[in-house]
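Engineer: Please find one structure pasted underneath; my questions will follow.
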Amino acid sequence: MSLKKSKKLSKRMGRGRMIALYVVLILGSVMMLLPFIWMVSTSFKAENDIFSIPINWIPRKITFDNYIKALKVVPIAKNMLNTVFIAIPKILGEVFVSALVAFGFARFEFKGRNFLFMILLATMMLPYEVTMIPTFMIWSNLGFSDSYVPLVLPAFCGSASFIFFMRMYFETIPKDYEEAAWLDGAKNLKVFYMIFIPMAKPALVTISLWSFMGTWNDLLGQLIYIDSQHKYTVQLALASFSSMTGETLWGPLMAASCMALIPIIALLLYAQKYFMEGIKLGGIKG
Amino acid sequence: MKKRQRAGFYFILPWLIGLIVFTAFPMLAAAYISLTDWDIVGNAKFVGLDNFKYVFRSEDFIKSLWVTVRYAVLAVPLIIATSLTMAVMVSKNYKGMRIFRVIYYMPAIVSGVAVAIVFKWILDPSYGLINGVLAFFHIKGPDWLYDPNWVLPSYLIMAIWGAGGSLLTYLAALKDIPQDLYDAAMIDGANTWKKVKYITIPLMTPIIFYNLVLGIIAAFRKFTDAYVLGGAGKEGNFYMVYLYEEAFGHYRMGYATALAWILFVIILLLTILVNWTKKYWVYSE
Amino acid sequence: MKRSIILWIVLLLVLGMLNGCSKKANSNKNTFTFATWAAGTELEEFQAVIDKVNEEAAGEYKINVLSIPSDYYVKISTKIAAKNSPDFFWLTQELISKYAKMGALADITEQFKKSNSLTPDMYYEGVLASAEYNGSYWGLPWIANPIIVFYNKTMFDALGIECPSATDDWTWEEFIDICRQISGKEYRGNKVYGTIIDGWPNIETFIWAGGGDIIAKDGETVILASEEAKKGMSYLQTIVEEGLSPRYAEVASLGDNNVWFEKQRVAMFFGGVQDNFETKIDKMDESEKFEIGYAPMPVCDDGSPWSFDWTASTVMAKSLEGNDLAYKALEAVTKAFFEWKIVPPVKGSLNNVIEINPKKEAAMETIAYIMDYARSANYIPEWSDINDKLWYNLYVSLLNDASFDYRSQMDEIQAYSQDLISKRKSK
């Protein structure tokens, strides 16, 4: 069967399958979105409508009170800005340094490489809770209390899981490209910069997104190192809606949580196109 | 040639510096703490291996380890299979796939506490969504988190819901598989299943390996939602929840740190094991 | 060569960090940090109280607020470990003896007794006992939140049941009888229950009901397995067995136990004086509103209507022990709290309650009556472990299964607790 003919055949069979695919995807989507629908729905409910029997998915009466109240309790816009302020240097540090380090692990065979890589993996295995206090004590002794520095500075040494990911990714890139460059006498950094970075764009976008999400959702780290309210981040703001002696304000909490989701979803939608930019590797064979 | 290889060392230097400056001291401190009786607030008293000896006699340790291992064994393959399937389904460039990609990934962007709260309502035995749907089909749903036998399934449901977290990695990898290979296979008369089995999956093994290692680490370190939701009969008492309670609820930091090291060793051994099998099933250039 | 230079630089950095600069000991300091778990709107109120105190101090001292909105004790203990303890902080009653034993708190006994404006005898005994450990006082309680019985008067009238009076001396048996008359009946289209027990009220309430207790006054003898304590637990068992309360697994369907009372599914609710049902009812639609009645806790088998009281104290960091200026600030702040939170734990300030929350006026008779019976358990340092066992092994088991053998379990927990305490001594 020629290529053209078989493509035509599969196209016809494909239509039925495409419809089936869409049906499955839509059903799955509903399940994926349910908790979000719940959050949004609750955020528009009046206080005495939130807990009712049977639980209703559509508010009896849509109200914006929760949003207004949420904005009064925490300056969410400022908190988001603070979080972004931390996230940007962190992303720059983590993404580029991780890629650099991963390049080192992926393409060079130096003494102790495998052993060091094992250590890298090992650093991901010890729970953060037990190193948290000694780490805090160091920063405290250095005078960094109520500061973003302890949260940002370590990023410039890369992040273990990102290095791991980038290394995996680099290893799947055929060696042919760089062989050519090296034969031409190119220096290492140049090879890295001119060949690997462009080819790894989807992966780089992925870890950038992860880095941003990590910062956006990190409650414990930010809680320990930040004291002043004007430095509060998104997670700290969300934590302000429930207290040990106060009451949990469910409505405003859901409203604030929904607002906190918007930037990430927007980022996700925007970054999305980078994953689908195919690497049409045409010219290698032959 | 050799000189170029050594250059690699300079590339990993930033990480190495970070390791020594930011990681080594706390880890050494944690090693020392595990040999002490420390209540965080007061002074640490050296007790040698007492903490470790106590660990193996502790019922709660065994229970929490069992809960965690059972979860890991079931959840990790489940999550990988689900995620891969999702990735393959949304990888085509049909209309609107963009939205689906975002939708399936969304569960991963919410923080643990919010998820836990919402699932508490979804899994509610009396009026939660799942039992409500089951009731529609005249099935009486179980008590989920309130029934010891159904706590594990509850967490597995949450795991599947969040499986889309690794979607991005699979999508990135899927895009790298050259279309020529699929075309060649089609000429040879291969159907979709054969294409997936002989082209897609083998070429994805590096990313699957990555997610396997990370998945194991994540499963053993599961904490946030379990801490909020718990579970009947201590079936929701995952290892990290037990550790956190010991550290900050009972102020037994020395003991908790010993627990942490034991977890570390378990994860490390598993990772080394998986890494050793790498040559048998993971594709590389 | 390059490699080794880099490694040397790194080593120097690490050494530099290890040396660190120790915290400057400033014995002349007059700025104090006050850590609190208040956040959001509660924090605004807190800040207002502090601002007023600072104003009245007129420069003699200044208090800065440190709000910890989540994982409060994690951050507090971490800061203390880093020798960076907040000067004042809120501490719940269950942890006072533990923090005192760990050496984190200043012993304020001397200053407390010598004070001109706030002395131990001004407090209700039950409340002050929570700040005592090993013969000393470790903090100043700033709130008392004892339990009273809120009941749905409208429902009582509709079902033709006699209401308890504001200072009724009803017993636990009588309470259960009323539950029997209510549970299972139809009201406003729903099946209703007499009361709701889901882990709240806490187990102390039931143990006291029989005239027993968990830890004796000496702080060293465990009396959990006494016949009185077991009699008290039998009341709980009866409630579970006869279905007088919603099933444990069913409670969460409405979110929280108090919602059952608000939605008129439960006739009587054990609530802290602070619980703001009055405000919630005001916000309801007319058709949903109902009249609240107040009654004291049922009288326990030893003749008193013991009411579990949740209290927190403001404590002072150890490093400030003996510091008179710090104590002055602590005292001023505590007295300011008496005008902010209900119920203020000092005798003779009940009028504050109506000023702070006028809606509580109808409850005043009950509140005044119950304050003399406000009581906490004896929270020894081993409490966290004992409490775990009490909850997982005893309370939850009984809630899920009325036929659970709670008597043997109480024997077991007593043995376990006694063992723990003996280990404390051998240290």
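Protein chains in written order, with the numbering used here: chain A, 397 to 682; chain B, 1184 to 1468; chain C, 25 to 451.
No residue lacks a Cβ here, since even glycine has one placed at the ideal position from N, Cα and C.
Values in this document were obtained by computation on a predicted structure and should not be read as measured data.
If we cut at 7 Å on Cβ distances, does A/Cys654 have a partner in chain B?
Structural biologist: Taking the first sequence and counting its residues from 1, the one referred to as residue 654 of chain A is at position 258. No, because no Cβ of chain B sits closer than 7 Å to the Cβ of A/Cys654.
Engineer: At 7 Å on the CB atoms, spell out the chain A contacts of C/Pro93, in chain order.
Structural biologist: Locating residue 93 of chain C in the third sequence gives position 69, where the first residue counts as 1. Per Cβ cutoff of 7 Å: Leu632, Ala635, Ser636.
Engineer: Taking only the alpha-carbon atoms, compute the straight-line gap between B/Glu1428 and B/Pro1308 and give it to the nearest angstrom.
Structural biologist: Taking the second sequence and counting its residues from 1, one reaches residue 1428 of chain B at position 245. Taking the second sequence and counting its residues from 1, one reaches residue 1308 of chain B at position 125. For B/Glu1428 and B/Pro1308, the distance between alpha carbons rounds to 27 Å.
Engineer: In chain order, which continuous runs of the alpha helix (DSSP H) of length 4 or greater are located wholly inside the stretch 369-423 of chain C?
Structural biologist: 374-380, 388-394, 407-413
Engineer: Compare the C-beta of A/Leu677 against all C-beta atoms of chain B and say whether one is closer than 7 Å.
Structural biologist: As a first step, residue 677 of chain A is located in the first sequence; it is residue number 281 there, counting from the start. Bear in mind that the predicted position of A/Leu677 carries a pLDDT of just 35, short of 50, making it unreliable; the figure below should be weighed with that in mind. With 7 Å as the cut-off, A/Leu677 counts as an interface residue toward chain B.
Engineer: Using a Cβ-Cβ distance cut-off of 7 Å, determine whether C/Val283 contacts chain A.
Structural biologist: As a working mapping, residue 283 of chain C is identified with position 259 in the third sequence. Yes, C/Val283 lies at the interface with chain A (some Cβ there is under 7 Å from its Cβ).
Engineer: Can you find a C-beta in chain C that's less than 7 Å from the C-beta of A/Ile622?
Structural biologist: Your numbering for residue 622 of chain A matches position 226 in the first sequence. No, A/Ile622 does not count as interfacial toward chain C.
Engineer: In angstroms with no decimal places, state the Cα-to-Cα distance between B/Val1301 and B/Asn1458.
Structural biologist: On the second sequence, residue 1301 of chain B is found 118 positions in, with the first residue counted as 1. On the second sequence, residue 1458 of chain B is found 275 positions in, with the first residue counted as 1. About 37 Å.
Engineer: Apply the 10 Å Cβ neighbour rule to A/Tyr565 and answer buried if 16 or more other Cβ atoms are within range, or exposed otherwise.
Structural biologist: Working through the first sequence from its first residue, we reach residue 565 of chain A at position 169. That one is buried.
Engineer: A/Val497 versus chain B: which residues are under 7 Å apart at the beta carbon?
Structural biologist: Here residue 497 of chain A refers to the residue found at position 101 when the first sequence is read from its first residue. Correct list: Phe1194, Ile1195, Pro1197, Trp1198.
Engineer: Taking the alpha-carbon positions, what's the B/Ala1430 to B/Ala1439 distance?
Structural biologist: As a first step, residue 1430 of chain B must be located in the second sequence, where it is residue number 247. As a first step, residue 1439 of chain B must be located in the second sequence, where it is residue number 256. Cα to Cα, the separation comes out at about 5 Å.
Engineer: Quick one, which residues of the stretch 537-557 of chain A are near chain C if we go by CB-CB under 7 Å, in chain order?
Structural biologist: Asn537, Leu538, Gly539, Ser541
Engineer: By alpha-carbon positions, which one of A/Asp445, A/Tyr621, A/Gln631, A/Leu632 ends up nearest to C/Asp454?
Structural biologist: Chain C is shown from 25 up to 451; residue 454 of chain C falls before or after that span and cannot be answered.
Engineer: Out of A/Lys507, A/His626, A/Leu645, A/Leu634, point me to the one whose CA is closest to A/Trp612's CA.
Structural biologist: For the purposes of this step, residue 612 of chain A is taken as the residue at position 216 of the first sequence. Comparing Cα positions, the closest option is A/Leu634.
Engineer: Going by other Cβ atoms of all chains shown within 10 Å of its Cβ, with 16 needed for buried, is B/Leu1211 buried or exposed?
Structural biologist: Position 28 of the second sequence, counting from 1, holds the residue named residue 1211 of chain B. When all chains shown are included, B/Leu1211 counts as exposed.
Engineer: Determine whether the Cβ of C/Gly279 lies closer than 7 Å to any Cβ atom of chain A.
Structural biologist: Working through the third sequence from its first residue, we reach residue 279 of chain C at position 255. Output row for C/Gly279: interface = yes.
Engineer: Which one of C/Phe136, C/Tyr211, C/Arg289, C/Tyr85 has the shortest CA to CA distance from C/Gly346?
Structural biologist: Residue mapping note: residue 346 of chain C aligns to position 322 of the third sequence, counting from 1. Comparing Cα-Cα distances from C/Gly346 to each of C/Phe136, C/Tyr211, C/Arg289, C/Tyr85, the minimum goes to C/Phe136.
Engineer: Which of helix, strand or coil does DSSP assign to C/Gln442?
Structural biologist: As a first step, residue 442 of chain C must be located in the third sequence, where it is residue number 418. Three-state result, C/Gln442: helix.
Engineer: Taking 6 Å as the limit between beta carbons, can you name the residues of its chain near C/Ala49, skipping five residues before and five after?
Structural biologist: Here residue 49 of chain C corresponds to residue number 25 of the third sequence, with the count starting at 1. Because C/Ala49 sits at a pLDDT of 48, beneath the cut-off of 50, its placement in the model cannot be relied upon, and the following sentence gives the value as read from the coordinates. Result list for C/Ala49: empty, nothing under 6 Å.
Engineer: Run through DSSP, which three-state label would C/Gly346 get?
Structural biologist: Here residue 346 of chain C refers to the residue found at position 322 of the third sequence. In the structure shown, C/Gly346 sits in coil (DSSP, three-state: anything other than H, G, I, E or B).
Engineer: Looking at chain B, is there any beta carbon in it that lies within less than 7 Å of the beta carbon of A/Ser425?
Structural biologist: Position 29 of the first sequence, counting from 1, holds the residue named residue 425 of chain A. Yes, A/Ser425 counts as interfacial toward chain B.
Engineer: Output yes if chain F places a C-beta closer than 7 Å to the C-beta of A/Met533; else output no.
Structural biologist: In the structure shown, chain F cannot be found, because the protein chains are A, B and C.
Engineer: Can you find a C-beta in chain A that's less than 7 Å from the C-beta of C/Val69?
Structural biologist: The residue you call residue 69 of chain C lines up with position 45 of the third sequence. In the sequence as displayed, the identity of residue 69 of chain C is Glu instead of Val. It does not: the Cβ of C/Glu69 has no partner Cβ on chain A nearer than 7 Å.
Engineer: I'd like to know whether the C-beta of B/Asp1222 is nearer than 7 Å to at least one C-beta of chain C.
Structural biologist: Position 39 of the second sequence, counting from 1, holds the residue named residue 1222 of chain B. Yes, its Cβ sits closer than 7 Å to a Cβ of chain C.
Engineer: Select from the stretch 1381-1403 of chain B all residues with a C-beta closer than 9 Å to any C-beta belonging to chain A, and list them in chain order.
Structural biologist: Leu1386, Pro1389, Ile1390, Phe1392, Tyr1393, Val1396, Leu1397, Ile1400, Phe1403
Engineer: Could you please give the first and the last residue of the uninterrupted alpha helix (DSSP H) stretch that includes A/Gly554?
Structural biologist: Position 158 of the first sequence, counting from 1, holds the residue named residue 554 of chain A. Where A/Gly554 is concerned, there is no enclosing alpha helix (DSSP H), given that its DSSP letter is neither H nor E.
Engineer: Chain A beta carbons: is any one of them nearer than 7 Å to that of C/Glu210?
Structural biologist: Locating residue 210 of chain C in the third sequence gives position 186, counting from the first residue. Chain A contact via Cβ: absent.
Engineer: Which residues share a DSSP beta bridge with C/Thr55?
Structural biologist: In the third sequence, the residue the question calls residue 55 of chain C occupies position 31. DSSP, once it has assigned bridges, lists C/Lys86 as partnering C/Thr55.
Engineer: In chain order, what residues of the same chain have a beta carbon less than 6 Å from the beta carbon of A/Ala495, not counting five sequence neighbours either side?
Structural biologist: For the purposes of this step, residue 495 of chain A is identified with residue 99 of the first sequence, where counting begins at 1. Closer than 6 Å at Cβ, skipping near neighbours: Met562.
Engineer: Provide the residue(s) that pair with B/Asn1458 in DSSP beta bridges, ordered along the chain.
Structural biologist: Position 275 of the second sequence, counting from 1, holds the residue named residue 1458 of chain B. DSSP, once it has assigned bridges, lists no residue as partnering B/Asn1458.
Engineer: Tell me, please, whether the CB atom of B/Tyr1287 is closer than 7 Å to any CB atom in chain A?
Structural biologist: Sequence index remark: in the second sequence, residue 1287 of chain B carries index 104 (1-based). Yes, its Cβ sits closer than 7 Å to a Cβ of chain A.
Engineer: Opposite C/Trp114 in the DSSP bridges: which residues?
Structural biologist: Along the third sequence, read from residue 1 onward, the residue named residue 114 of chain C stands at position 90. Per DSSP, C/Thr338.
Engineer: Indicate the three-state DSSP secondary structure (helix, strand or coil) for C/Glu363 in the structure shown.
Structural biologist: Here residue 363 of chain C refers to the residue found at position 339 of the third sequence. DSSP places C/Glu363 in coil when its eight states are reduced to three.
Engineer: Buried or exposed, going by whether 16 or more other CB atoms sit within 10 Å of the CB of B/Arg1284?
Structural biologist: As a first step, residue 1284 of chain B is located in the second sequence; it is residue number 101 there, counting from the start. Result: buried.
Engineer: What's the gap between the Cα of B/Val1273 and the Cα of C/Ala439?
Structural biologist: Within the second sequence, residue 1273 of chain B is the residue found at index 90, counting from 1. Within the third sequence, residue 439 of chain C is the residue found at index 415, counting from 1. Rounded to the nearest angstrom, the two C-alpha atoms are 60 Å apart.
Engineer: Just to confirm, is the Cβ distance from B/Ala1355 to A/Ala599 under 7 Å?
Structural biologist: Sequence index remark: in the second sequence, residue 1355 of chain B carries index 172 (1-based). Sequence index remark: in the first sequence, residue 599 of chain A carries index 203 (1-based). Pairing B/Ala1355 with A/Ala599 gives a Cβ-Cβ distance under 7 Å.
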